[in-house]
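**Q**
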Amino acid sequence: MSSYDLVVIGTGPGGYVCAIKAAQLGLKTAVVEKRETFGGTCLNIGCIPSKALLHASEMFAEAGHSFDGLGIEVSPKLNLKKMLAHKDATVSANVGGVAFLFKKNKIDTYQGTGSLLGGGKVAVTAADGSAQEIEAKNIVIATGSDVAGIPGVEVEFDEKTIVSSTGALDFQKVPGHLVVVGGGVIGLELGSVWARLGSKVTVVEYLDTILGGMDGEVAKQFQRMLAKQGMEFKLGAKVTGVSKTRKGAKVTFEPVKGGDAETIEADAVLVATGRKPYTEGLGFEKAGVALDERGRVKTDAHYATSAAGVYAIGDVIAGPMLAHKAEDEGIAVAEMIAGQAGHVNYDVIPSVVYTSPEVASVGRTEEELKKAGIEYKAGKFPFTANGRARAMLHTDGFVKILSDKATDRVLGVHIVGFGAGEMIHEAAVLMEFGGSAEDLARTCHAHPTMSEAVREAALATFFKPIHI
Ligand code: NAI
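Using our numbering, the first residue of the sequence shown is number 11, and each one after it goes up by one.
Written out as structure tokens, the structure reads:
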């Protein structure tokens, strides 16, 4: 039986990064993966393919609507087959990259479903049913998450007409009318892809806001922008039924506050109502790995589960279901297993919605600060007053900075606008070092850049911005 210092089950961003870090630190490492390719949901059917389609559909929409304003006359024609091929090629390159990194770092790979046998042993069962056992001093569970569906509602996903995020990456024809259940990150990202490619998109959301949990002002303005782009919203609406019809599918929902149910017919329905931790068939009972009240693997501050030598990271444990959170936990747990200090700062985990424009945030929202009774100052700056944004016809949106009233320490930064997902990182670095709004405002920013709006918003928290 092969024996390792560390066996990682699952090779999504949490698992593969953990394995590489462990190997770099000198641990004899192996990974177990049941998919044919490495990279988990993110690389195969999540972040990476969706970003390929988001970018391509944005280019298509820009060519159709914005190029004229820049003096470029074109009549774009959609070749969906080629666009999907670009997405598939992007996935292949990325999953191949992980395979290369495993080889480079001398990480052994086992294809099959991993299951804990207790006592540091892992069974790996291949697709053809053949099984083998491996042994490890330490095991990291990085099995991620799966589509949750709608609580209390039977949904039969065929991934063609009624789809999860997986099917929504692969429509072979642009749906005439796409109904999206859930106005969260997946619903808005993938809904906006198909809206740009020509679908009528209706988002049905339970809460009375899209992007629940995001800064309220940002979410409101963002919804207005998406509505301007043609997306339709039914808020405060609880979906109670999704089923196939002869021509497509239908969605039934009722107002959360009471009232008559409504049904909309559609060509396709995307159900994006959250994800659940992936814990089935992993032998947790046998190995003594306990779950919490929400079905996530219970861990302590060092990612240790209730079973000795077994750790867990990423979507399968508590915290935001974000690839970069999983990666950071993967690095931290590898460092701890190797005898070093590992740490993740959960107060500074950026989050980005990759729509057009993007929405990005780090730290606390205004609502959270109010609820916690923390006195704060807010500074805002609109991209309409930014020279570079005007030159690129990307003036939609603003930067909002929240800083502690007494100490000036930056507590939260929220950006809606072109490139928000890149700009947010200067705020993340600043916050990691406990920086103040004045630190940010006194840092020279290159001109002309969109990032100057971040500096101006910082200036607005304690004095006056220059350009408004
Ligand atoms: P989500 O939790 O972001 O949004 C689900 C939405 O569905 C919520 O707003 C909820 O109120 C609504 N909902 C639930 N039941 C409903 C019902 N019966 N009727 C109407 N609405 C209902 O979940 P989503 O978008 O599926 O994403 C799953 C996970 O993946 C999230 O944790 C998200 O953060 C992560 N993700 C992150 C991305 C990013 O960071 N860019 C991209 C894609 C996914």
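Glycine included, every Cβ here is placed at the ideal spot set by N, Cα and C.
What number of angstroms, rounded off, separates the C-alpha of leucine 379 from the C-alpha of tyrosine 386?
**A** By one-based count along the sequence shown, residue 379 stands at place 369. By one-based count along the sequence shown, residue 386 stands at place 376. Leucine 379 and tyrosine 386: Cα-Cα distance of roughly 8 angstroms.
**Q** Please state whether the Cβ-Cβ distance between valine 343 and tyrosine 313 is less than 7 angstroms.
**A** Indexing the sequence shown from 1 puts residue 343 at position 333. Indexing the sequence shown from 1 puts residue 313 at position 303. Against a cut-off of 7 angstroms, the Cβ pair of tyrosine 313 and valine 343 comes out as a contact.
**Q** Shortest alpha-carbon distance to valine 372 belongs to which of Val362, Lys381, Ser366?
**A** Residue mapping note: residue 372 aligns to position 362 of the sequence shown, counting from 1. Per the Cα distances, Val362.
**Q** Does DSSP classify leucine 53 as helix, strand or coil?
**A** Position 43 of the sequence shown holds residue 53. Helix.
**Q** Return the Cβ separation of threonine 459 and serine 202 in integer angstroms, given the expectation that the two are a contact with Cβ distance under 8 angstroms.
**A** Walking along the sequence shown from the start, residue 459 turns up at place 449. Walking along the sequence shown from the start, residue 202 turns up at place 192. That pair is no contact at about 25 angstroms.
**Q** By DSSP's criteria, arginine 285 is part of a beta bridge. Which residues make up the other side?
**A** Within the sequence shown, the letter at position 275 stands for residue 285. DSSP, once it has assigned bridges, lists Val157 as partnering arginine 285.
**Q** In angstroms with no decimal places, state the Cα-to-Cα distance between glycine 56 and threonine 176.
**A** Within the sequence shown, numbered from 1, the residue matching residue 56 stands at position 46. Within the sequence shown, numbered from 1, the residue matching residue 176 stands at position 166. Cα to Cα, the separation comes out at about 7 angstroms.
**Q** Between Lys296, Leu179, Ile19, which has its C-alpha nearest leucine 63's C-alpha?
**A** As a position in the sequence shown, residue 63 is number 53, starting the count at 1. Ranking the options by Cα distance to leucine 63, first place goes to Leu179.
**Q** So is isoleucine 82 buried or exposed if we call it buried at 16+ other beta carbons inside 10 Å?
**A** Reading the sequence shown from its first residue, position 72 is the one you call residue 82. Label assigned to isoleucine 82: exposed.
**Q** Candidates Leu126, Glu164, Lys147, Ala109: which alpha carbon is nearest alanine 141's?
**A** For this step, residue 141 is matched to residue 131 along the sequence shown. It is Leu126 whose Cα lies nearest to the Cα of alanine 141.
**Q** I'd like to check one pair, alanine 276 with glycine 258: are the Cβ atoms closer than 7 angstroms?
**A** Position 248 of the sequence shown, counted from the first residue, corresponds to residue 258. Position 266 of the sequence shown, counted from the first residue, corresponds to residue 276. Cβ atoms of glycine 258 and alanine 276: closer than 7 angstroms.
**Q** Residues bridged to alanine 141 by DSSP?
**A** For the purposes of this step, residue 141 is identified with residue 131 of the sequence shown, where counting begins at 1. Beta-bridge pairing links alanine 141 to Thr135.
**Q** Just to check my reading of the structure: alanine 328 and aspartate 302 have Cβ atoms closer than 8 angstroms, yes? What is that Cβ distance to the nearest angstrom?
**A** In the sequence shown, the residue the question calls residue 328 occupies position 318. In the sequence shown, the residue the question calls residue 302 occupies position 292. Rounded, the Cβ-Cβ distance is 7 angstroms, consistent with contact.
**Q** Counting C-beta neighbours from all protein chains within 10 Å, is the total for glutamate 377 16 or more, i.e. buried, or is it exposed?
**A** As a working note, residue 377 is residue 367 in the sequence shown. Exposed, by the Cβ-count rule.
**Q** Let me know if methionine 11 comes out buried or exposed under the rule of 16 or more other beta-carbons within 10 Å of its beta-carbon.
**A** For the purposes of this step, residue 11 is identified with residue 1 of the sequence shown, where counting begins at 1. With fewer than 16 other Cβ atoms within 10 Å, it is exposed.
**Q** Which residue comes first and which comes last in the alpha helix (DSSP H) that contains histidine 312?
**A** Taking the first residue of the sequence shown as 1, we reach residue 312 at position 302. Where histidine 312 is concerned, there is no enclosing alpha helix (DSSP H), given that its DSSP letter is neither H nor E.
**Q** From glutamine 350 to phenylalanine 167, what does the alpha carbon distance come to, in whole angstroms?
**A** Here residue 350 refers to the residue found at position 340 when the sequence shown is read from its first residue. Here residue 167 refers to the residue found at position 157 when the sequence shown is read from its first residue. Distance between the alpha carbons of glutamine 350 and phenylalanine 167: 45 angstroms.
**Q** Taking 6 angstroms as the cut-off, is the CB of lysine 380 close to at least one heavy atom of ligand 1?
**A** Counting from 1 along the sequence shown, the entry for residue 380 is found at position 370. No, since every heavy atom of ligand 1 falls outside the 6 angstroms radius drawn around the Cβ of lysine 380.
**Q** Please list, in chain order, all residues of the same chain as leucine 403 whose beta carbon is under 8 angstroms from its beta carbon, the five residues on each side excluded.
**A** For this step, residue 403 is matched to residue 393 along the sequence shown. Within the same chain, leucine 403 has close Cβ partners Ser76, Gly79, Leu80.
**Q** For a quick check, are the C-beta atoms of valine 266 and valine 299 less than 7 angstroms apart?
**A** In the sequence shown, the residue the question calls residue 266 occupies position 256. In the sequence shown, the residue the question calls residue 299 occupies position 289. No.
**Q** Going by DSSP, what residues sit across from threonine 212 in a beta bridge?
**A** The residue labelled residue 212 in the question sits at position 202 within the sequence shown. DSSP, once it has assigned bridges, lists Val189, Glu242 as partnering threonine 212.
**Q** Can you find a heavy atom of ligand 1 that lies under 6 angstroms from the Cβ of lysine 2?
**A** The structure shown has nothing for residue 2, since the chain only spans 11 to 478.
**Q** Report whether the distance from the Cβ of valine 426 to the nearest heavy atom of ligand 1 is below 6 angstroms.
**A** As a working mapping, residue 426 is identified with position 416 in the sequence shown. Outside the cutoff, so no.
**Q** Do you know offhand how far isoleucine 398's Cα is from arginine 465's?
**A** Taking the first residue of the sequence shown as 1, we reach residue 398 at position 388. Taking the first residue of the sequence shown as 1, we reach residue 465 at position 455. Note on residue identity: the sequence assigns arginine, not isoleucine, to residue 398. One C-alpha to the other measures close to 14 angstroms.
**Q** Output needed for glycine 74: all residues of its chain with C-beta closer than 7 angstroms, excluding positions within five of it in sequence on either side, in chain order.
**A** Taking the sequence shown and counting its residues from 1, the one referred to as residue 74 is at position 64. Cβ neighbours of glycine 74 beyond the five flanking positions: Pro86.
**Q** By Cβ distance, which residues of its chain are closer than 8 angstroms to glycine 305, with the 5 residues on each side in sequence left out?
**A** By 1-based counting over the sequence shown, the position of residue 305 is 295. Only Lys286, Pro287, Thr289 meet the Cβ criterion.
**Q** Please list, in chain order, all residues of the same chain as alanine 388 whose beta carbon is under 6 angstroms from its beta carbon, the five residues on each side excluded.
**A** Numbered from 1 along the sequence shown, position 378 holds the residue referred to as residue 388. Same-chain partners within the cutoff: Leu412.
**Q** If we call anything under 7 angstroms between Cβ atoms a contact, is alanine 437 one with phenylalanine 472?
**A** Locating residue 437 in the sequence shown gives position 427, counting from the first residue. Locating residue 472 in the sequence shown gives position 462, counting from the first residue. No. Outside cutoff.
**Q** Taking buried to mean at least 16 other C-beta atoms within 10 Å of its own C-beta, is glycine 444 buried or exposed?
**A** Locating residue 444 in the sequence shown gives position 434, counting from the first residue. The residue in question, glycine 444, is exposed, as its Cβ has fewer than 16 Cβ neighbours within 10 Å.
**Q** Indicate whether valine 213 and glycine 186 have their beta-carbon atoms separated by less than 7 angstroms.
**A** Along the sequence shown, one-based indexing puts residue 213 at 203. Along the sequence shown, one-based indexing puts residue 186 at 176. No.
**Q** What does valine 150 pair with, by DSSP beta-bridge criteria?
**A** Your numbering for residue 150 matches position 140 in the sequence shown. DSSP lists Val18, Tyr321 as partners of valine 150.
**Q** Would you tell me roughly how many angstroms separate the C-alpha atoms of lysine 38 and glycine 154, rounded to the nearest one?
**A** Here residue 38 refers to the residue found at position 28 when the sequence shown is read from its first residue. Here residue 154 refers to the residue found at position 144 when the sequence shown is read from its first residue. When rounded, the distance between both Cα atoms is 23 angstroms.
**Q** Could you pull the start and end residues of the alpha helix (DSSP H) that tyrosine 26 belongs to?
**A** Here the question's residue 26 lines up with position 16 in the sequence shown. 23-34 is the extent of the alpha helix (DSSP H) around tyrosine 26.
**Q** At what residues does the beta strand (DSSP E) containing leucine 126 begin and finish?
**A** Against the sequence shown, residue 126 aligns to sequence position 116. Counting along the chain, the beta strand (DSSP E) containing leucine 126 begins and ends at 123-128.
**Q** DSSP puts lysine 387 in a beta bridge; with which residues?
**A** Taking the sequence shown and counting its residues from 1, the one referred to as residue 387 is at position 377. DSSP output for lysine 387 lists Ser413 as bridge partner(s).
**Q** Could you give the first and the last residue of the continuous beta strand (DSSP E) run that contains phenylalanine 77?
**A** For this step, residue 77 is matched to residue 67 along the sequence shown. Per DSSP, phenylalanine 77 belongs to no beta strand (DSSP E) and is neither H nor E.
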